[in-house]
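In this text, residue positions in the sequence shown follow this note's numbering: the first is 3, and each later residue adds one. No residue lacks a Cβ here, since even glycine has one placed at the ideal position from N, Cα and C.
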Amino acid sequence: MTKQWLGSVVFLLLLAAGLATTYVVAHAQSPILWTEPRVIPYLDPNTETPFLLADNNGGIHAFSSQKILGTHEYVIVYNYWRRDTGWSKPVDVLLSPLFDEAHAPAAYLDHKGVIHLVFYGGHDVSAN
């Protein structure tokens with residue numbers, strides 16, 4: 003009987019400690035301040051949605067796959083945005099090794115500021 007009573011007291015103390023825990027709730031700023039959406043200039047309208055990275059300087063890096071006009075080939079292009087200059091012109095980063103599909107589904111910016119780009123290329127969208 004004593005073990006059950008002691009177990010019940012411990013349970014109630016743990017329950018009370020859990021209920022007494024304060025929670026911090028995050029709220030959006032008021033009013034919510036969003037900028038107007040903007041299209042990245044110089045890109046072909048058929049360009050895939052870019053993969054975006056923000057760096058520690060407030061810049062935005064964009065990687066997207068764009069079809070080369072007049073061919074069935076794709077190129078991965080890179081743009082950079084800065085508050086004072088806006089978007090850069092696109093720079094070709096990678097043509098498909100097989101002269102067909104080239105896509106950049108992900109990128110990573112490490113603690114040294116080095117961008118690691120994940121890409122694939124092949125004869126179809128799944129890069130087979």
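| query | result |
| --- | --- |
| Looking at the structure shown, is D94 part of a helix, part of a strand, or coil, going by DSSP? | strand |
| Check each candidate in Y122, T37, L45 and name the one with the smallest Cα separation from F101. | Y122 |
| Excluding the 5 residues preceding and the 5 following N48 in the sequence, name in chain order all residues of the same chain whose CB lies nearer than 8 Å to its CB. | Q68, K69 |
| Tell me the residue span of the beta strand (DSSP E) that contains E103. | 103-111 |
| Identify which residue in F53, V41, W36 has its Cα closest to the Cα of Y110. | F53 |
| Distance, Cα to Cα, V77 vs I34? | 37 Å |
| Where N58 and T73 are concerned, what is the direct C-alpha to C-alpha distance, given to the nearest angstrom? | 38 Å |
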